[in-house]
Each structure stands twice: as C-alpha cells, then as structure tokens.
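Numbering (the numbering used here), first residue to last: 220 to 703.
Beta carbons are placed, not taken as given, at the ideal position from N, Cα and C, and that holds for glycine.
Down below is the structure, laid out as structure tokens.
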Amino acid sequence: MNYIAAIGLEVHVQLKTRSKMFCACPNAYGAPPNTHTCPTCLGLPGALPAMNEEALRMTVLTGLMLDCDIADVSKFDRKNYFYPDLAKNYQISQYDAPLCTNGRVPLHDVAYPQDAQTAIATSGKTVNLVRIHLEEDVAKSFHFETTTGIDFNRAGTPLMEIVSQPEIASPDEAFAYLTSLKQILICGGISDADMEKGQLRCDCNVSVRAATQAELGAKVEIKNMNSISGVRRALRFEIERQIALLESGATIQQETRGWNDDAGETFLMRSKESAHDYRYFPDPDLLPIATHALLADVRARVPELPAAKRMRFVEQYGVSGYDAGVLTHDLAVAAYFERAAEHSPKPKSVANWILNDLQSALSAAGISVGDCPIPPEALEELVGLIDAGRISGKQAKEVFAEMFETSRPAGVIVKERGLEQVSDVAAIEALCDNAIAANPKPAADYRAGNAASLNFLTGQVMKLSKGKANPQIVTEILTRKLKE
Ligand SMILES: [Zn+2]
C-alpha cells in the first residue's frame, strides 16, 4: 500500500518593531526579566491598548511580498482562555477579519536540505496560504525545580501568524517552505527569523492517508518546533509512526504531540481534543483598521524578492540559475557579490571565487560574510589581475590566502612576492628562441608531427623565466616560431 502525507504549517513570527504591539514598552530580546513592562502589557485592569502602526505595516508588507489579498477593513478580537502567562485572561488576536488572506510561498530548489537537492519531487513548487494575522505574544514561563517564574518582557510583543494550506507533501518540502519563508521575511526587514531565539516558531499539522483515499486523514499536530531541521526530523518520525499504525489496521486519532529532539521521537500531549470555544468577540478598546492609508506607505517598501533577485543575477551577471540561488540565499552574500561584480568585466569569475574559495575560507574561519577580511572591491581586483594575465590561477590562490589572512590588497601582495607573470611578448620571444636553439631535437620532432614535444619546449621556457612567463603566451609564440 502507498501512503501520502499532507502537511500544513502554522508559523509564528516575532516582528522587528521597536515597541510592543499595544504599548510603548521596548520590544527587545535578552533584557533582565520583567524590566520591559507597563500596566497595559501586564494586563492591569483599566489599562488601554494603543495599536502599533508599524506592526500593522509589517504584516501588510508580508502580505504583499507573499501575494496575499489585503483586507480593506480588518479588526482585532479577544481570544478568551486562562493561562498563567496570559494576565488578562484573553489574548488580542484576529478571528474572522485577518489583515491578509490567501497568498503563496514559492519554494526554491536551493532552500531544500542539501542532501535532498538532487531528488526534489516537485521543482518550482508553490505552497498556498490560508491567512496571515497579527496578535500579541504571551509572557514566557520558566520552570525551576520547585517553582515557576514568568517573564512579562515578551508579553504584548507583536506576533504574526502565517497559516499554510495542507499542501506540503514531505518533510523535505516543509524544510524548503520554512527556509524560503524565512528568507523572504529577512529580505523585507520583518524579522530576523532566528528559530533558536524563538523569533520564528512553528506548529506542524500532519496527516497520512492511503494513496487511494481522497479525503485527508486524521490531523495530528506537533507543537512548538524550534528548528527547521527539527521540523524535518519530527515530520519524518511522525509520518513513519502513522503509516505503521495504518498498516497494523489501527485508526489514527486526532491529537496534539510534542517533539523530543534528543530521543528523536514525538510524544502524546493531549488526545481527543474537541474544538476549543475561545468566545472570540471584537475588542471594544480597538477600532477597526482601514488598510488603504497603510497600503500606500507599504507598497513603496516592497523589496526585490529572492526569486526576482535570482533572475536578475542570471540576466545581469551571466551566472547559472543554481549559482544565482546560492548567491541570493543569504542577503549579505548577495550584496557582497553585487559590490564585487558591479564593475568587473568577469562577474562569473567573481561569483566562482565567492562560491568556492571565499565561502570555504569563511566557514573554516567560522565567520560570516559581514566580517569578511577581504572587501568586495579587493576580490574584484584579484579577479582583474587573473583576467589581465598578470598572475596565474595557481598564484591567485596563494594571493587570496594572504589577502584573507592580512586584509591587504592583491596588487601589493603580488608585487612583494614578485609573483607577477611575464606577459611581455618581446621578452618571451627571446626566451623561446633560446629554448629552441638549445633543444634542436625536440624542435625537429615537433615539426615532424610529434605534438608532445611542444610541452617539453614550453617547460623549458617556463624554467628559463623562473616560472614567471605566462604559459598561454609561451605556447602561442612557440607554435608560431616552430612553424616558421
Ligand atoms: Zn507595556
């Protein structure tokens, strides 16, 4: 029997605003507990919320980047439930009038896990969205040995929820979805989307059914995933678990599970969950939002998206589609490439240096491109020296290593080390004459049709030049002279 999985992801994104969603407290990570609070975000009676316009703009901007429909009028609702980290006993969220509906996330091949990039089931796939809404985050609980502490610094910070259709077909696609989405969010300046800091959090819905069955199977939710590779592993485990159950003739129950990353297993949290009744109602303290004024502002802020940047790199710089994908995967790398390639007659060579030597030097040194000791203009200079035939490819590697070590310009290193190739034709002609005169037999052999003798003679000229002659020019001159 064949089985199909249907995966839907709910992604929570912390917005990079300066202040919280409904008060002026700073929205910052890492401050001592309960130092960023006020009556509003502590939920004290009588405190009134005031909307953070920038959070609204960022959500609408996300909607525009993901091709969503933006509501003309949206509103905030109260979602009622009790929880220790929710002081008001309700969360301000959006129920039936979210800011954005529909939309899509295009998956790029480079966004798949590296070990899965050669076996992508649906290249160029797009995953449709249900909605994007805005809400306030809750406080954070810390469980100690015998007590629990609650930090309200996070309470009331703006949180955007992006809900996908259950169209993701595999753990690899879920990985590509999250990576592609994260890239777009970073590109728009919406969030740093660092999962380890909780800036991007994800719940996964997954159901498995027989390939012959049309309707979706029972939905199992895996809560609170905090890494993209963890999502992939949890989904792999969960799909296997559900298939084994179906194979044994059991039925799958709708339930909520957690993920134990160390054990590599999902575990049951709550079973037979009935639909919650949160008694949503419009928040009487907050007026509905008319989006037309926001939209004019936000349209001007839509950046060049990763897909458009990839296409432009292919057209403008002549790099391959794959290389464009790798170069644009990280915005900082893309910016570095553009600065180095901007005035270079060989942008493709610049790309190769970045993708090979530079990336491996950076990862060996454990630093990001932002801290790269070689400025982009210096890399352009190095490529220029090779292109002009002033140094060989092999010499360039030595120069590159020293540039990375010392941050000094290529031209200076080449001079100091006396590396410069001799490309002066007159000088090389003289050396060729000497080599031919000193080796009459190989010269005669070449004239008689033994092509290999040319390599010997080239070697002799290189030796005479102490390795500095441009080998390409040597070969050209020797060939011409031997035909005379
Ligand atoms: Zn506050």
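- VAL425 is positioned such that its CB atom lies closer than 8 Å to that of ILE226.
- Between the C-alpha atoms of VAL230 and LEU404 there is a straight-line separation of about 12 Å.
- Per the coordinates, the alpha-carbon of GLY282 lies some 15 Å from the alpha-carbon of GLN313.
- In this structure, PRO390 sits away from LEU234, with a CB-CB distance that is not shorter than 8 Å.
- For the pair VAL439 and GLU457, the CB atoms are nearer than the 8 Å cut-off.
- Between LEU348 and GLY322, the C-beta spacing is below 8 Å.
- A distance filter of 6 Å between CB atoms and the heavy atoms of ligand 1 selects the following residues in sequence order: LYS239, CYS242, CYS244, THR256, CYS257, THR259, CYS260, GLY375.
- For ALA429, the uninterrupted beta strand (DSSP E) run begins and ends at 419 to 429, by DSSP.
- When the beta-carbon positions are compared, LYS294 and CYS260 stay at least 8 Å from each other.
- Around the CB of THR236, 16 or more other CB atoms lie within 10 Å, so the residue is classed as buried.
- Note on MET220: under 16 other CB atoms within 10 angstroms of its CB, so exposed under the neighbour-count rule.
- Taking a C-beta distance under 8 Å as the contact criterion, SER383 and VAL346 qualify as a contact pair.
- When only Cα atoms are considered, ARG558 and ARG529 end up about 16 Å apart.
- Unbroken alpha helix (DSSP H) stretches of 4 residues or longer found wholly inside the region 362 to 419: 390 to 406, given in chain order.
- Here the C-alpha atom of ILE223 lies approximately 37 Å from the C-alpha atom of ALA553.
- Given a length threshold of 3 residues, each whole run of the beta strand (DSSP E) inside the region 462 to 532 is given here in chain order: 474 to 479, 484 to 490.
- Three or more Cβ pairs closer than 8 Å define a contact, and the region 585 to 598 meets that threshold against the region 554 to 574.
- Taking the Cα of ASN372 as reference, the smallest distance to any Cα among ILE311, THR341, PRO251 is reached at PRO251.
- DSSP, read as helix, strand or coil, puts GLN310 in strand.
- From the listed residues PHE361, GLY686, LYS685, SER672, the smallest Cα separation to THR698 is found for SER672.
- Between the alpha carbons of HIS562 and TRP572 lies a distance of about 16 Å.
- CA-CA distance, THR510 to GLN578, rounds to 43 Å.
- The straight-line gap separating the alpha-carbon atoms of ASN575 and GLY544 is approximately 14 Å.
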